[in-house]
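**Student:**
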Amino acid sequence: MSFTITCPICGERDVYEFHFGGRDRGPPPSHDNLTIEEYLRYAQFRTTRTEAQLEWWFHSNGCGSWFTTWRNPANNREEKPQEMSNDQQ
Amino acid sequence: MRARLPEFPTQHIDRGQEISFSYLGKRMSGLGGDSVAVAMYDNGVRIFSRSLKYHRPRGLYSLDGESANTLMNIDGIPNENAEKRRLRDGMEVSAQNVRGRPDTDFYSFINWFDRFMPAGFYYRMFHRPYKLWPFFLNRIRKMAGVGTLDIHREFDDSRRFEIFLNADVAVIGGGTAGMNAALAAAGQGLRVCLFEHRAWLGGHMDWRVVEFEDEPLFERARGLAKQVEANTQIRLFTQAPVTGIWGNKLITAYQTGKDGEYFDERYIECRAKSVVVASGCIERPLVCNNNERPGVMQVNTAWRLARTYAITPGKRIVFSIGDDLGLEAALDLAELGLKVLAVADARSDKQNADLLTRLQSAGIEYLPGWAASNVKGGKHVRGVELSELNGSQTCSFKCDLLVASAGQQAVIGPLSTAGAKFRYCTETGLFQPTEMPPKMFSAGRMTGLTHPGSIDTSGTIAGLEAAAACDRDVSTNLDAARRAAAKLPGETKGCDLVYGPGIGAGRKAFICFDGDGTFKNAVQSASQGFDAPELAKRFGGFGLGPGQYQVPGQNLAMAMSNINGTPIENSQFTTVRPPLVPLTLATCVGPRHNIYKQTPLHRDQKARGGIFRNAGVWRRARYFSPDLDCRPEIRNVRENVGLLDGSSLGNFRIYGPDALRALQRVYVSNMEKSREGRCKYSAMCNETGNIVDDGVVTKVADDNYYFTTTSNRAGITIEWFRYHTRFDDWDFKLVNLTDSMGSINVAGPNARNLLQKVTKEDLSNEAFPYMAYKELIVGDGVSARCLRLGFVGELSFELHVAASHSQYVWDLLWEAGQEFKVHPFGMEAQNCLRAEKGHVIVGTESEQRVTLLDIGLGFLWDSNDTSSNKVGAPALRACENQQGRMKLVGFRVSESGVTPLDGDIVVDGNDIVGYVCTTRISESLDCSYGMALVKDGYATRGEKIRMCQALGKRHDEYTATVVPPQFYDPDGQRLRT
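Now the structure itself:
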């Protein structure tokens with residue numbers, strides 16, 4: 002499967018140029034008073050989704066920056082969830 | 009070669025160029041422009057191959073490689089499609105899947121045993137008793153199948169290339185619709201790529217002589233082709249079939265080079281902003297008894313043989329057709345002076361009245377509502393029976409050519425791989441797109457149009473729509489084109505004939521030629537529950553051959569809905585998969601099989617006798633002696649001094665106010681302790697505590713650090729730092745210096761004496777102790793970063809210099825080292841040396857199941873630090889006292905007789921409890937030693953563990969003793985002196 006990712010610096014490019022950094026789940030938990038269960042949930046658990054999600058991508062064969070972009074894993078198109086695309090650009 | 013028909017402008021042959029080739033050792037000749045199959049046909053070859061299962065004779069059916077009938081071995085390469093391969097001088101052509109010759113194939117008797125080979129028989133017949141399967145497998149492989157690969161043949165891959173394109177608009181199909189689309193988009197200033205699988209543009213207009221707007225269709229098409237060729241906005245690819253359309257309009261194709269071009273074949277990947285698909289139609293075969301006999305061919309095949317190649321397709325010709333093109337072809341061939349006996353038309357109405365009148369005046373018998381019901385003749389057509397569709401009347405003709413088709417079917421492949429949905433249209437008789445992917449547009453015959461003007465206008469509209477998808481304002485042009493289209497004829501009624509009259513059980517009525525799938529097989533599949541087309545496709549073997557969906561596609565869908573009694577408009581086309589057209593693996597792979605980086609000292613190392621191996625992205629010298637144990641190299645480092653090219657090592661600079669915080673985040677140690685002039689060894693873990701990298705860090709100045717990584721990790725280090733600090737908004741810069749620097753390791757007891765000769769800096773143990781860092785000036789003023797490390801377990805200095813200075817520094821050291829008899833050493837020697845010392849290599853002594861702690865590097869971890877959120881720290885904390893983990897241990901094998909190997913397993917009874925990471929025979933220890941990862945219960949020092957080595961079917965067991973992994977100089981005296 003080949004699709005495109007839009008880098009905020011370089012524009013729309015082939016996905017081959019990027020490394021995937023996972024769905025955006027916010028900053029990792031602080032290690033202070035962190036239980037192992039909480040940590041494992043962060044480090045090991047992933048949810049598979051079939052709707053548009055915010056993801057981290059790294060432009061490894063390009064500008065070398067991490068950025069987030071919306072992508073729908075069901076069709077690999079860069080699109081926002083429907084309820085968001087109206088009010089949030 | 010026989011006499012060809014008189015010259016005519018539709019022809020694509022060069023009568024001045026006679027090409028000689030051989031077929032099965034017999035010399036033949038053709039003309040320039042011929043395909044191999046066409047030239048063979050002209051030389052009288054009628055049986056081209058034998059079918060996969062029944063070994064039935066097969067002949068020239070199509071001209072664009074729609075079936076496996078004409079797969080040939082050409083110049084030693086199997087499975088070349090002779091219909092698509094251009095004839096070249098001296099070609100050697102031979103047949104495949106035959107014992108003997110295609111016309112006298114020994115296995116042809118199998119045809120009579122078809123009732124013992126029902127649908128799915130391979131799956132059902134031969135697996136009981138199971139023991140006999142290998143025997144049958146062998147037999148079947150011999151009798152069924154296509155070409156045989158000569159694995160000893162030298163293959164020249166130097167003329168295979170690949171190109172990667174970006175286009176605004178990609179147009180698939182170079183017929184008049186595609187050309188109009190390309191011109192319309194190019195007219196908007198857009199960059200257009202046009203892909204056409206034939207060697208010339210024009211599609212099915214290319215050979216038609218009827219006039220439209222006072223101009224023959226072929227001349228109209230050629231005029232258009234000239235415009236396309238002259239348009240600098242259009243990049244034209246002919247002989248370039250599209251193999252698929254992928255996510256977000258990525259088109260893959262491959263192109264065969266014309267004579268004099270720099271490539272034989274090249275792979276094409278084109279990313280387009282919008283796509284016009286005008287892939288047109290191919291003919292839908294007529295399913296009747298013996299419908300694939302040599303001498304039965306498609307309408308366009310017979311027509312083009314005459315019009316494009318000036319070859320007489322047959323002497324007495326009968327037509328059984330399903331659309332106006334068939335009528336036009338029959339008339340045209342008759343006008344060329346060929347003997348057309350009769351035309352059976354599967355339609356009863358909606359024919360073009362003008363064509364019927366002309367047919368009548370030409371004196372050709374016309375039978376509307378009729379179709380061929382049976383083809384007579386053994387190895388070749390000798391006659392044909394035509395029947396009324398309801399079977400009430402039959403008549404026979406003696407003929408040598410049956411031109412048969414049940415009308416048209418759309419080429420849905422490209423659009424289908426792009427995710428378009430199709431539905432059978434009862435009006436046009438085609439599977440037409442109902443749901444298009446974004447920014448993709450279809451045009452031309454595949455949309456059900458047949459009128460030349462309508463086809464052209466649909467192309468223009470699609471081209472303008474594609475331009476609009478590229479943000480061009482084309483509303484005026486688009487409105488005009490749509491108004492023009494509204495005045496032109498729309499979709500034409502197609503033919504809905506599923507199978508010819510009187511096929512009975514359909515024993516010899518073939519839906520799929522490549523896999524010998526008959527109508528009877530389809531019925532059998534349905535009766536055994538495999539009633540959906542997708543199931544019947546697998547069970548009965550329809551469309552699994554090289555031609556894929558092209559011959560059976562629509563017929564299978566229609567036949568299954570007919571058999572199941574479901575409405576035809578609900579019939580389903582089986583999934584079309586890329587590659588839509590078979591291509592060789594060599595073309596996919598391209599010209600560069602072995603890509604690697606060379607160190608700045610590569611040529612030098614080679615000249616010194618280095619034997620190179622790939623190591624990650626690098627090519628590195630592994631051995632400097634034919635003795636792969638590298639004894640002299642190892643001894644030289646232990647006793648004297650050696651030089652290692654370590655340039656693949658990662659070197660980085662990190663600086664900025666938050667550089668230290670970033671280091672604290674990714675390294676497990678307390679990086680505040682890295683001081684100026686000192687190297688600090690540390691490691692990086694991932695989030696689950698597995699070690700991913702190790703290296704040294706030195707502070708160059710405030711907020712300015714220099715660090716090394718392993719060779720494998722260098723490419724991902726910046727990504728890693730940035731990922732783990734991506735929420736922090738810290739201010740630091742990272743520079744990857746790996747490729748801009750060379751690294752030379754001077755190691756051995758004489759290392760200081762050697763290095764001192766090339767620098768004035770004080771290198772004494774007091775001034776420059778173990779794990780110190782200095783910036784030296786060597787030779788005539790080259791600055792070098794010098795790290796006093798000890799990876800190989802001896803006194804050693806690592807010099808990091810600019811890549812362009814590397815050779816100079818190496819030469820300097822080499823000259824200075826002559827009095828010590830300095831010698832280079834390679835990766836293998838380094839590996840033995842470091843293993844004796846118990847120094848780990850990340851990825852060799854570590855893996856996904858083991859953490860930093862498990863391999864004995866827990867001392868690096870600053871476990872009290874929770875404030876800098878070190879990557880992996882919580883995981884390390886959680887498994888600190890965990891039982892049942894794997895641990896890294898050293899071992900010695902005192903037994904003689906067995907030489908341990910990397911990867912040997914550690915066993916306890918029948919259980920595998922670990923494995924050997926690295927093992928070598930040590931000269932200095934006089935035994936085999938190594939490091940292994942074992943379950944913690946087996947990691948106790950002094951315990952015996954059992955090892956097992958599998959060599960082929962033999963298993964050797966041996967015993968080892970668990971020891972600390974530091975075998976050589978355990979106190980580290982040698983690297984500190």
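Residue numbers (this note's numbering), protein chains in the order written: chain A, 2 to 90; chain B, 9 to 985.
Even glycine gets a Cβ: it sits at the ideal position worked out from N, Cα and C.
#1: With a threshold of 8 Å, are at least 3 pairs of Cβ atoms found where one atom belongs to the segment 733-750 of chain B and the other to the segment 677-685 of chain B?
#2: For the candidate residues B:A338, B:P142 and B:A354, whose alpha-carbon lies nearest to that of S369 of chain B?
#3: Which class does A194 of chain B belong to by DSSP, given the choice of helix, strand or coil?
#4: Figure out for me which residue from B:L244, B:F245 and B:I259 has the closest Cα to the Cα of T251 of chain B.
#5: Which residues share a DSSP beta bridge with K688 of chain B?
#6: Can you list, in chain order, the residues of its chain whose CB lies under 8 Å from that of D332 of chain B, leaving out five sequence neighbours each side?
#7: Of all the CB atoms in chain B, is at least one closer than 8 Å to the CB of I10 of chain A?
#8: For L771 of chain B and I662 of chain B, I'd like the C-alpha separation in whole angstroms.
#9: What runs of the beta strand (DSSP E), each 3 residues or longer, lie entirely inside the segment 775-852 of chain B?
#10: Excluding five sequence neighbours on each side, which residues of the same chain lie with their C-beta closer than 6 Å to the C-beta of S116 of chain B?
#11: Taking 7 Å as the limit between beta carbons, can you name the residues of its chain near S413 of chain B, skipping five residues before and five after?
#12: Thinking just about the alpha-carbon of each residue, which of B:K765, B:G798, B:V800 and B:F799 is nearest to the one in A784 of chain B?
#13: Measuring straight from C-alpha to C-alpha, what distance separates A667 of chain B and A780 of chain B?
#14: List the residues of chain A that E223 of chain B touches, going by C-beta distances under 8 Å, in chain order.
#15: Does DSSP classify Q263 of chain B as helix, strand or coil?
#16: My understanding is that G471 of chain B touches V326 of chain B, with C-beta atoms under 8 Å, so please give their C-beta distance in whole angstroms.
#17: Can you list, in chain order, the residues of its chain with a C-beta nearer than 7 Å to that of C503 of chain B? Leave out the 5 residues immediately preceding and following it.
#18: Note down, in chain order, each residue of its chain lying with its Cβ closer than 6 Å to the Cβ of V649 of chain B, except the 5 sequence neighbours on either side.
#19: Can you tell me the Cα-Cα spacing of L797 of chain B and G980 of chain B, whole angstroms?
#20: Which partner residues of P978 of chain B appear in the DSSP bridge assignment?
#21: Kindly indicate the opening and closing residues of the alpha helix (DSSP H) around A45 of chain B.
#22: Is there a C-beta anywhere in chain A that falls below 8 Å from the one on W626 of chain B?
#23: Quick one, which of B:L803, B:I82, B:G787 and B:R149 has its alpha-carbon nearest P777 of chain B's?
#24: Give the single residue among B:C278, B:Y270 and B:D267 whose Cα lies nearest to the Cα of A261 of chain B.
#25: Go to G965 of chain B, then tell me how far its beta strand (DSSP E) extends in each direction, as first and last residue.
#26: Establish whether the CB of A881 of chain B and some CB of chain A are separated by less than 8 Å.
#27: Who does T70 of chain A pair with in a DSSP beta bridge?
#28: What's the C-alpha gap between V817 of chain B and M749 of chain B?
#29: Got a sec: is the Cβ-Cβ distance from D88 of chain A to anything in chain B below 8 Å?
#30: Taking all protein chains shown into account, decide if G825 of chain B is buried (16 or more other Cβ within 10 angstroms of its Cβ) or exposed.
#31: Any residues in the segment 731-752 of chain B with a beta carbon nearer than 7 Å to a beta carbon of chain A? Which ones, in chain order?
#32: Who are the near neighbours of F16 of chain B in its chain, counting only those whose CB is closer than 8 Å to its CB and skipping five residues on each side?
#33: Can you tell me which of the three DSSP states W141 of chain B falls into?
#34: Would N188 of chain B pass as an interface residue toward chain A - the criterion being a Cβ-Cβ separation below 8 Å?
#35: Between A11 of chain B and chain A, is there a C-beta pair that is closer than 8 Å?
#36: Whose C-alpha, out of B:T607, B:G866, B:T595 and B:E769, is nearest the C-alpha of I699 of chain B?
**Tutor:** Let me spell this out:
#1: Segments in contact, no.
#2: Selected option, being the one with the closest Cα: B:A338.
#3: Here A194 of chain B sits in helix by DSSP.
#4: For T251 of chain B, the nearest C-alpha among the options comes from B:I259.
#5: For K688 of chain B, the beta-bridge partners assigned by DSSP are B:V705.
#6: Excluding its 5 nearest sequence neighbours in each direction, D332 of chain B has C-beta neighbours in its own chain below 8 Å: Q359, N360, L363, T458 and T500, listed in chain order.
#7: So no, I10 of chain A is outside the interface.
#8: When rounded, the separation of the alpha-carbon atoms in L771 of chain B and I662 of chain B is 27 Å.
#9: Within the segment 775-852 of chain B, the complete beta strand (DSSP E) runs of at least 3 residues fall at 781-786, 790-797 and 804-810.
#10: Here the set comprises H63.
#11: Correct list, in chain order: E291, R292, P293, L294, Q306, V307, I329, G330 and G334.
#12: The amino acid occupying residue 784 of chain B in the given sequence is Leu; Ala does not appear at that position. Comparing C-alpha distances from L784 of chain B to each of B:K765, B:G798, B:V800 and B:F799 shows the shortest one belongs to B:K765.
#13: So the two alpha carbons sit approximately 21 Å from each other.
#14: Close partners of E223 of chain B in chain A (Cβ separation under 8 Å) are lacking, with about 42 Å as the shortest Cβ gap.
#15: Three-state DSSP puts Q263 of chain B in a strand.
#16: Their Cβ separation, rounded to whole angstroms, is 41 Å, which puts G471 of chain B and V326 of chain B out of contact at 8 Å.
#17: The residues are G330, D331, A354, R355, A414, G415 and G437.
#18: The beta carbon of V649 of chain B lies closer than 6 Å to those of G756, N758, A759, L762, F828 and V830 in the same chain, with the five residues before and after it left out.
#19: For L797 of chain B and G980 of chain B, the distance between alpha carbons rounds to 11 Å.
#20: Paired residues: none, contrary to the question.
#21: Per DSSP, A45 of chain B belongs to the alpha helix (DSSP H) from V44 to D50.
#22: Chain A places no beta carbon closer than 8 Å to that of W626 of chain B, leaving this residue out of the contacts.
#23: Per the Cα distances, B:L803.
#24: The residue with the shortest Cα to Cα distance from A261 of chain B is B:C278.
#25: Per the sequence shown, the amino acid found at residue 965 of chain B is Glu instead of Gly. Element bounds for E965 of chain B: R962 to V971.
#26: Yes - at least one Cβ of chain A is within 8 Å of the one on A881 of chain B.
#27: Answer is A:E56.
#28: So the alpha carbons of these two residues sit roughly 12 Å apart.
#29: Low confidence applies here, because D88 of chain A scores a pLDDT of 48, under 50, leaving its location unreliable; read the following figure in that light. Chain B, which has no Cβ nearer than 8 Å to the Cβ of D88 of chain A, makes this no.
#30: So G825 of chain B ends up on the buried side.
#31: Those would be Y731, R734 and F735, in chain order.
#32: R315 and A318, listed in sequence order.
#33: Under the three-state reduction of DSSP, W141 of chain B is assigned to helix.
#34: The C-beta of N188 of chain B comes no closer than 8 Å to any C-beta of chain A.
#35: No - not a single Cβ of chain A is within 8 Å of the one on A11 of chain B.
#36: Nearest C-alpha to I699 of chain B: B:G866.
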